[in-house]
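For the sequence shown, my numbering assigns the number 654 to the initial residue and increments by one for each residue that follows.
Below: one structure, written as structure tokens.
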Amino acid sequence: MVMITHSETETIALGEKLGDMLETGMTVALKGDLAGGKTTFTKGIGKALQVKDVINSPTFTILKIHQGNSQLFHIDAYRLENNEYDLGISELADEGITVIEWPEYYRTYLPEEYLEVSFQYIDDNTREITFIPHGERYESIAKEMTC
Ligand SMILES: Nc1ncnc2c1ncn2[C@@H]1O[C@H](COP(=O)(O)OP(=O)(O)OP(=O)(O)O)[C@@H](O)[C@H]1O
Ligand SMILES: [Mg+2]
């Protein structure tokens, strides 16, 4: 289940499409290359959730909570580097939508079921984005993302 985007704007639009389908309690894990478009995609999710403040990834911020139609828990685990640090997300996750960049650095948290979205850098403006459902509730969403 692969999509190609040719600009930042297209990646935001794809994130927005996903954001429209997400339900409270769902988790999205964004994997892949540096500058692959993970934060850009998250901006689109935020747009769908009507988040008004800016979504970005300041170097030393690991968790940001945004308020929209639903809460958006945006985690960038890059700097956790696998420390078994507890952000308390497991207690929060049911109350909103969780998006995790660099989930491989936060293995202690990742729930059993989540939607994996993988970003591959093709060239300056082109990204290959793959959707892999982990768990039944993400299967139809992953399918929908590629049509
Ligand atoms: N098709 C595209 N989709 C997304 N971003 C693109 C695309 N083409 C070019 N870009 C550029 O690539 C960069 C993507 O940066 P972004 O911060 O979203 O990546 P990231 O995966 O979050 O990186 P990091 O691993 O550092 O967190 C931006 O500068 C954006 O303008
Ligand atoms: Mg990022």
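Where a beta carbon is used, it is the ideal one built from N, C-alpha and C, also for glycine.
Here the structure is a predicted model, which is why all the values come from computation and not from measurement.
How is the beta strand (DSSP E) around E781 delimited, first residue to last?
As a position in the sequence shown, residue 781 is number 128, starting the count at 1. Counting along the chain, the beta strand (DSSP E) containing E781 begins and ends at 779 to 787.
Among residues of its own chain, excluding the 5 on either side of G721, which ones have a beta-carbon nearer than 7 angstroms to its beta-carbon?
Reading the sequence shown from its first residue, position 68 is the one you call residue 721. G699, L702, Q703, V704, listed in sequence order.
Pop quiz: I715 and T695 are said to be a contact at Cβ under 8 angstroms. What is the actual Cβ separation, rounded to whole angstroms?
Counting from one through the sequence shown, the residue named residue 715 turns up at place 62. Counting from one through the sequence shown, the residue named residue 695 turns up at place 42. Not a contact, Cβ separation roughly 14 angstroms.
My guess is that V665 and T693 are in contact by the Cβ rule of under 8 angstroms, so how many angstroms apart are they, rounded?
Reading the sequence shown from its first residue, position 12 is the one you call residue 665. Reading the sequence shown from its first residue, position 40 is the one you call residue 693. In the sequence as displayed, the identity of residue 665 is Ile instead of Val. That pair is a contact at about 6 angstroms.
Count the other C-beta atoms from every protein chain shown that fall within 10 angstroms of the C-beta of F713, then say buried if there are 16 or more, exposed otherwise.
Working through the sequence shown from its first residue, we reach residue 713 at position 60. It counts as exposed.
So what's I715 in DSSP terms, helix, strand or just coil?
Position 62 of the sequence shown, counted from the first residue, corresponds to residue 715. If DSSP states are grouped into helix, strand and coil, I715 belongs with coil.
Restricting to Cα atoms, I'd like to know which of I785, H727, K684 is closest to I750.
Position 97 of the sequence shown, counted from the start, is the residue given in the question as residue 750. Checked all of I785, H727, K684; the closest Cα to I750 is H727.
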